[in-house]
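What follows is a single structure, written as structure tokens, with notes after it.
In the numbering used here, the protein residues as written are 2 to 227.
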């Protein structure tokens with residue numbers, strides 16, 4: 002079964018930088034550059050959706066310098082880099098809580114989503130201020146706000162109110178850096194996803210690693226809970 006939707010937990014940026022004697026922030030910059038590289042490689046392999054865990058609801062606990070840099074990097078990706086996504090016909094969608102983000106960043110998100118909405122080659126979903134439990138809570142709150150009765154709640158209804166609504170469930174979730182946990186990533190939509198843990202730090206994850214992951218996935222038999 003071909004991969005239609007690949008999701009990646011971008012882990013290891015700081016350790017990659019430290020190992021090379023580089024500033025931590027440089028690891029994040031290289032990590033973003035690699036999102037573009039692997040994103041195009043995924044498109045070339047027929048993968049229409051790529052979702053990346055860029056900033057979690059827990060990442061606010063990091064130093065103010067690091068959080069500030071990450072916010073600036075995300076703003077840069079959604080503004081100065083917009084031409085890259087237009088040139089490659091890629092649609093952008095930002096998934097996560099808007100609360101807590103600066104007005105400037107929220108405006109950039111809205112503009113990037115609008116400008117790229119007609120692009121059809123593929124879609125990059127950036128999980129920013131994202132948490133799996135927060136996504137489910139937000140969906141349930143929306144159902145309550147809509148006046149849905151408890152006896153009318155179904156999985157389909159909840160799915161329709163999640164941040165990932167309208168996006169195919171991920172076929173494969175990869176976590177780089179060797180850590181073996183999903184950290185609340187795509188808790189709802191990733192329930193039947195295949196999981197793969199790769200020792201390589203994210204900035205060093207290359208097309209050979211991607212091809213190896215795809216080959217390993219193709220050798221698996223997906224059971225979807227059966």
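For every residue, glycine included, the Cβ atom is placed at its ideal position computed from N, Cα and C.
Would you list the one or two residues that DSSP bridges to residue i?
{"i": "residue 124", "result": "50 and 92"}
{"i": "residue 41", "result": "In the DSSP output, where bridge partners are listed per residue, residue 41 has none listed."}
{"i": "residue 57", "result": "131"}
{"i": "residue 6", "result": "50"}
{"i": "residue 195", "result": "173"}
Considering only residues of the same chain and omitting the five flanking positions on each side of residue i, which have a CB-CB separation below 6 angstroms?
{"i": "residue 208", "result": "42"}
{"i": "residue 170", "result": "190"}
{"i": "residue 206", "result": "177"}
{"i": "residue 143", "result": "162"}
{"i": "residue 26", "result": "70"}
{"i": "residue 182", "result": "none"}
Measure from the alpha carbon of residue i to the alpha carbon of each residue in the options, then state which is nearest.
{"i": "residue 94", "options": "100, 53, 219 and 60", "result": "53"}
{"i": "residue 39", "options": "187, 10 and 67", "result": "10"}
{"i": "residue 99", "options": "135, 119 and 32", "result": "135"}
{"i": "residue 192", "options": "121, 81 and 133", "result": "133"}
{"i": "residue 85", "options": "57, 34 and 48", "result": "34"}
Leaving out five residues before and five after residue i in sequence, what residues of the same chain have Cβ atoms less than 8 angstroms from its Cβ?
{"i": "residue 218", "result": "4, 172, 173, 195 and 197"}
{"i": "residue 168", "result": "6, 50, 52, 94, 124, 126 and 190"}
{"i": "residue 24", "result": "18"}
Alpha carbon to alpha carbon, what distance is there between residue j and residue i?
{"i": "residue 117", "j": "residue 90", "result": "8 angstroms"}
{"i": "residue 156", "j": "residue 224", "result": "19 angstroms"}
{"i": "residue 13", "j": "residue 71", "result": "14 angstroms"}
{"i": "residue 200", "j": "residue 55", "result": "19 angstroms"}
{"i": "residue 188", "j": "residue 141", "result": "14 angstroms"}
{"i": "residue 180", "j": "residue 203", "result": "12 angstroms"}
{"i": "residue 214", "j": "residue 61", "result": "31 angstroms"}
{"i": "residue 37", "j": "residue 107", "result": "21 angstroms"}
{"i": "residue 110", "j": "residue 44", "result": "22 angstroms"}
{"i": "residue 216", "j": "residue 32", "result": "23 angstroms"}
{"i": "residue 16", "j": "residue 145", "result": "43 angstroms"}
Taking 7 angstroms as the limit between beta carbons, can you name the residues of its chain near residue i, skipping five residues before and five after?
{"i": "residue 97", "result": "128, 129, 130, 131 and 164"}
{"i": "residue 113", "result": "79, 83 and 93"}
{"i": "residue 29", "result": "14, 70, 71 and 74"}
{"i": "residue 1", "result": "Summary: the structure shown does not reach residue 1, with the chain confined to residues 2 through 227, and so no result is reported for it."}
{"i": "residue 210", "result": "199 and 201"}
Do the region 100-109 and the region 70-83 meet, that is, are 3 or more Cβ pairs less than 8 angstroms apart? A contact between stretches requires three or more CB pairs, one per stretch, nearer than 8 angstroms, and the region 100-109 meets this requirement with the region 70-83.
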